[in-house]
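Asks:
Chains as they are written, first to last, in my numbering: chain G, 10 to 202; chain W, 918 to 1157.
1. Using a C-beta to C-beta distance shorter than 9 Å, which residues of chain G count as neighbours of residue 1031/W?
2. For the structure I just gave you, are there three or more beta carbon pairs, one from the stretch 997-1012 of chain W and one from the stretch 944-964 of chain W, closer than 8 Å?
3. Check whether the stretch 977-994 of chain W touches the stretch 99-108 of chain G, counting contact only when three or more Cβ pairs, one atom from each stretch, lie closer than 8 Å.
4. Suppose only complete runs of 3+ residues qualify. What are the beta strand (DSSP E) ranges in the stretch 121-152 of chain G, listed by chain order?
5. Please identify the residue among 153/G, 191/G and 167/G whose C-alpha is closest to the C-alpha of residue 142/G.
6. Are the Cβ atoms of residue 1065/W and residue 1022/W separated by less than 8 Å?
7. Given that a residue counts as buried once 16 or more other Cβ atoms are within 10 Å of its Cβ, and exposed if not, what is residue 1116/W?
8. With distance defined between alpha-carbon atoms, name the residue in 21/G, 26/G and 20/G nearest to residue 1018/W.
9. Considering Cα atoms alone, identify which of 1083/W, 1063/W and 1025/W is closest to residue 1034/W.
10. Go ahead and pull the three-state DSSP assignment for residue 38/G.
11. Tell me which same chain residues have a C-beta within less than 7 Å of the C-beta of residue 1127/W, skipping the five on either side of it?
12. Do residue 1082/W and residue 16/G have their C-beta atoms closer together than 8 Å?
13. Quick check: is the beta carbon of residue 1016/W nearer than 8 Å to any beta carbon in chain G?
14. If you run the structure through DSSP and keep just helix, strand and coil, what is residue 99/G?
15. Label residue 1044/W either buried or exposed according to how many other C-beta atoms from any shown protein chain fall within 10 Å of its C-beta, with 16 as the threshold for buried.
16. What's the C-alpha gap between residue 109/G and residue 175/G?
17. Please confirm whether residue 123/G has its beta-carbon closer than 8 Å to some beta-carbon of chain W.
18. Output yes or no for whether 8 Å exceeds the beta carbon distance between residue 144/G and residue 131/G.
19. In chain order, which continuous runs of the alpha helix (DSSP H) of length 4 or greater are located wholly inside the stretch 23-71 of chain G?
20. Taking 7 Å as the cut-off, is the beta-carbon of residue 952/W closer than that to any non-hydrogen atom of the ligand ATP?
21. Which residue marks the beginning of the beta strand (DSSP E) containing residue 1140/W, and which one marks its end?
22. Since residue 180/G sits in a beta bridge, which residues does DSSP pair it with?
23. Residues of chain W with a CB under 7 Å from the CB of residue 163/G: which are they?
24. Measure the Cβ-Cβ separation of residue 1096/W and residue 1130/W and say whether it is below 8 Å.
25. Could you tell me the alpha carbon to alpha carbon distance between residue 1007/W and residue 39/G, rounded to whole angstroms?
26. Is the CB-CB distance between residue 113/G and residue 48/G below 8 Å?
27. Who are residue 995/W's beta bridge partners in DSSP?
28. Within the 8 Å Cβ cut-off, does residue 1013/W reach chain G?
29. Which same chain residues, not among the five before or five after residue 186/G, have their C-beta less than 7 Å away from its C-beta?
30. Measure from the C-beta of residue 1139/W to each C-beta in chain G and report whether the shortest distance is under 8 Å.
31. If we count the other Cβ atoms within 10 Å of its Cβ and call it buried at 16 or more, is residue 90/G buried or exposed?
32. Have a look at 30/G, 153/G, 139/G and 84/G and flag the residue whose alpha-carbon is nearest the alpha-carbon of residue 64/G.
33. Measure the C-alpha to C-alpha separation of residue 1092/W and residue 154/G and round it to an integer number of angstroms.
34. Could you tell me which residues DSSP puts in a beta bridge with residue 982/W?
35. Check residue 1041/W in the structure and name its three-state DSSP category.
36. If we define contact as Cβ-Cβ less than 8 Å, is residue 942/W a contact residue for chain G?
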C-alpha cells in the first residue's frame, strides 16, 4: 500500500473458516448496553457474488464517540470529551448461517476531514472471510445526515451515485440496515487504504 | 458508467508490496467473494490513523501457552513461536494484541465445521493471545500444527500454518495472516500460499527455525517477525 523504502509488510492471508474460537469467544458486538438511552442497532447481511449469504465472515467496526473523538491516544483533542471506560469504539461480530451480523452502538459525532472541513458521521468497517485473501474496508454513513453526507469528502469522491449510496445505511425504524455485497451488480464500495 | 477493470488488476498492483490480490482463481472461494469494482482511494484522516487499543478484555495467564490450557498435556511436537511486530520503519509496535489459532498436531481444528477425520485432542483448543512488549516482541508456546486436507481441488492439502491476527497502531495496520514452517513440501500446490505471487513476499510468511529460541529438552524455537502497514508519517496534530 505504501511504496516508500523501508521494511516490506507481511502479506495478508485469509482468516479461513475456523477462527471463531480465537476471535469470537467473547461477544464484542455491543459497544453500549442495549438499554443505553441513545443506543442504535445496526444489522446487515454479507452476500457473495451469487447473492448467497456469507455465513463465515467476521465484521469489525471502529468509530468515534458521540462527540466525534476516537478512543486512541493519537486523537489528542482534549477539548472533546472521552469516555474510555464506557466506550471503546471497537466492535466485532461474526455472521450467522444467514450471513447476518449486528452491532449495538451509538451514533458517532463528526470527525475532521483530510483537508479542511468535517466528515459526515461514519463508522469504519473491515470484513474478513474465507475466500477473502485480505480484508475489505468500507464505511457506514447515516441516512438522517443528508446534508453532511452531501458535503462529505470521501462520499463525494465516489462519482457513481448508485455506488455511493451503498455506503449509506437504510433506516428500518428499529434498526439501521447495512448489507454488504462483496461482489456483483450491487457490490458495496470498498476502499484502498 | 463505472470503469470495469479486468479481474486480474483489482487489488493487485506493484505498490501492493507483495500483498495477494482479492481474486486468485486457483483459490476457488475467491471467485464469488472477491470484489471486482475499482477500490476507492481513502485519504488519511483520524478515522483510519487511529485504532482500537487492542479490542478486547484482559489477557489470561495461560492465554499465551496453548499447551497448558487443559488438565492434561496435548499430543504433538512442542514449539515456541516468537518474534517482533514492527511498523514499516522498523519501529516496534508496543502493547499490541496478537491473537492466534491453529489445528492440532493431527491437523484437526476444534471447530464444529471441521470434518477432517483426524482425532480431536481434548487437551488442545488451539487458540491463544498475548500483548507485544516494549520491543514489540510476542511469544507463544504451542504445538506444531498438522497439515490437513480441504476441498479446493483434487487432493488439496494446506501446509502446516498458524493464523495470526494483529491490530498494530491504527485501523490501517490491521492484519490477519498465516505463519508457515520452513521447507514445507505443500507450498507449491497451496493456492492460499501461492496467492502471494512474489517469491520474496512468500518468504515473509515463513518462520525460521532458531536454535537460540529452542529450549533444551523442552521445545523447538521458531522466529517470525511481522511488519505491519500504516506507519504514521504525518503528525496527528496537523490533521485536525
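Ideal Cβ positions, reconstructed from N, Cα and C, are used throughout, including at glycine.
Computed from a prediction, not measured in an experiment: that's the story for all the values here.
Replies: Straight from the coordinates:
1. Reading the second chain from its first residue, position 114 is the one you call residue 1031/W. Simply 26 and 27.
2. no
3. no
4. The stretch 121-152 of chain G contains these whole beta strand (DSSP E) runs: 131-138 and 145-150.
5. For the purposes of this step, residue 142/G is identified with residue 133 of the first chain, where counting begins at 1. Residue 191/G is the option with its Cα nearest to residue 142/G.
6. Position 148 of the second chain, counted from the start, is the residue given in the question as residue 1065/W. Position 105 of the second chain, counted from the start, is the residue given in the question as residue 1022/W. No.
7. In the second chain, residue 1116/W corresponds to position 199, counting from 1. Residue 1116/W should be labelled exposed.
8. Here residue 1018/W refers to the residue found at position 101 when the second chain is read from its first residue. Among 21/G, 26/G and 20/G, the Cα nearest to that of residue 1018/W is on 26/G.
9. In the second chain, the residue the question calls residue 1034/W occupies position 117. The residue with the shortest Cα to Cα distance from residue 1034/W is 1025/W.
10. The sequence position of residue 38/G within the first chain is 29, counting from 1. Residue 38/G: coil per DSSP, three-state reduction.
11. Here residue 1127/W corresponds to residue number 210 of the second chain, with the count starting at 1. Short of 7 Å from the beta carbon of residue 1127/W, and not among the five residues preceding or following it, lie these beta carbons of its own chain, in chain order: 1138, 1139 and 1140.
12. Position 165 of the second chain, counted from the start, is the residue given in the question as residue 1082/W. Position 7 of the first chain, counted from the start, is the residue given in the question as residue 16/G. Not closer than 8 Å, so no.
13. Locating residue 1016/W in the second chain gives position 99, where the first residue counts as 1. So yes, residue 1016/W belongs to the interface.
14. In the first chain, the residue the question calls residue 99/G occupies position 90. Strand at residue 99/G.
15. Position 127 of the second chain, counting from 1, holds the residue named residue 1044/W. So residue 1044/W ends up on the buried side.
16. Taking the first residue of the first chain as 1, we reach residue 109/G at position 100. Taking the first residue of the first chain as 1, we reach residue 175/G at position 166. One C-alpha to the other measures close to 17 Å.
17. For the purposes of this step, residue 123/G is taken as the residue at position 114 of the first chain. Residue 123/G counts as touching chain W.
18. Your numbering for residue 144/G matches position 135 in the first chain. Your numbering for residue 131/G matches position 122 in the first chain. It is not a contact, given that the beta carbons lie outside the stated cut-off.
19. 29-32
20. Questions concerning the ligand ATP fall outside what the structure shown contains, since it holds no ligand whatsoever.
21. For this step, residue 1140/W is matched to residue 223 along the second chain. Segment 1137-1140, the beta strand (DSSP E) holding residue 1140/W.
22. If you number the first chain from 1, residue 180/G lands on position 171. According to DSSP, residue 180/G bridges with 185/G.
23. For the purposes of this step, residue 163/G is taken as the residue at position 154 of the first chain. In chain order: 959.
24. If you number the second chain from 1, residue 1096/W lands on position 179. If you number the second chain from 1, residue 1130/W lands on position 213. It is not a contact, given that the beta carbons lie outside the stated cut-off.
25. Taking the second chain and counting its residues from 1, one reaches residue 1007/W at position 90. Taking the first chain and counting its residues from 1, one reaches residue 39/G at position 30. So the two alpha carbons sit approximately 35 Å from each other.
26. By one-based count along the first chain, residue 113/G stands at place 104. By one-based count along the first chain, residue 48/G stands at place 39. The answer is yes: Cβ separation under 8 Å.
27. Translated into the one-based positions of the second chain, residue 995/W becomes position 78. According to DSSP, which records beta bridges pairwise, residue 995/W is partnered with 1060/W.
28. Locating residue 1013/W in the second chain gives position 96, where the first residue counts as 1. For residue 1013/W, the answer is no, since every Cβ of chain G falls outside 8 Å of its Cβ.
29. Reading the first chain from its first residue, position 177 is the one you call residue 186/G. Within the same chain, residue 186/G has close Cβ partners 52, 53, 178 and 179.
30. Residue numbering aside, residue 1139/W sits at position 222 when the second chain is read from its first letter. So no, residue 1139/W is outside the interface.
31. Numbered from 1 along the first chain, position 81 holds the residue referred to as residue 90/G. Result: exposed.
32. By 1-based counting over the first chain, the position of residue 64/G is 55. The candidate whose alpha carbon is nearest that of residue 64/G is 139/G.
33. Taking the first residue of the second chain as 1, we reach residue 1092/W at position 175. Taking the first residue of the first chain as 1, we reach residue 154/G at position 145. Approximately 32 Å, taken between the alpha carbons.
34. Within the second chain, residue 982/W is the residue found at index 65, counting from 1. According to DSSP, residue 982/W bridges with 1058/W.
35. Counted from its first residue, the second chain places residue 1041/W at position 124. In this structure, residue 1041/W counts as coil in the three-state DSSP scheme.
36. Translated into the one-based positions of the second chain, residue 942/W becomes position 25. Cβ-Cβ to chain G under 8 Å: no for residue 942/W.
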